[in-house]
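Residue numbers (the UniProt record's numbering): 1 to 141.
Note that beta-carbon positions come from the ideal geometry of N, C-alpha and C, so glycine has one too.
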């Protein structure tokens, strides 16, 4: 899978309080152009749970753009290393979320997970989407 032929999914999750109010977001890029971006509110959750929800929701959305190769990039080293098998998943609730990810991966010919710095421009966009969602939820209350 080459960078130019693949769709890239950038994901981020955020939790204020850890656990606290939590949100997920994704940005889908193909050929250097942003194809989609979305965020959502989870409720009370940890940052790791929010990161997994970002991957799950992003994989659901990415099906609209490809059934071939997909690169998933996250600034959560824990999530990337758990999903690539480098780290064992010891918490049952995270194992359940990882299984949800694996189920959704079956929609693609190939999925590659990569850890990227939080300073990456597309991760910054996803982070902004998370924070906008959390801010809107706080104003709503």
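As assigned by DSSP and simplified to three states, the class of residue i
i: residue 140; result: helix
i: residue 8; result: strand
i: residue 75; result: coil
i: residue 27; result: strand
i: residue 114; result: strand
i: residue 22; result: strand
Reference residue i; option with closest CA among the options
i: residue 92; options: 48, 57, 125; result: 48
i: residue 79; options: 69, 112, 66, 41; result: 112
i: residue 24; options: 39, 45, 81; result: 39
i: residue 31; options: 9, 17, 117; result: 9
i: residue 114; options: 84, 15, 60; result: 84
C-alpha distance - residue i paired with residue j, whole-angstrom precision
i: residue 95; j: residue 89; result: 6 angstroms
i: residue 119; j: residue 53; result: 21 angstroms
Limits of the beta strand (DSSP E) - the one that residue i falls within
i: residue 42; result: 33 to 45
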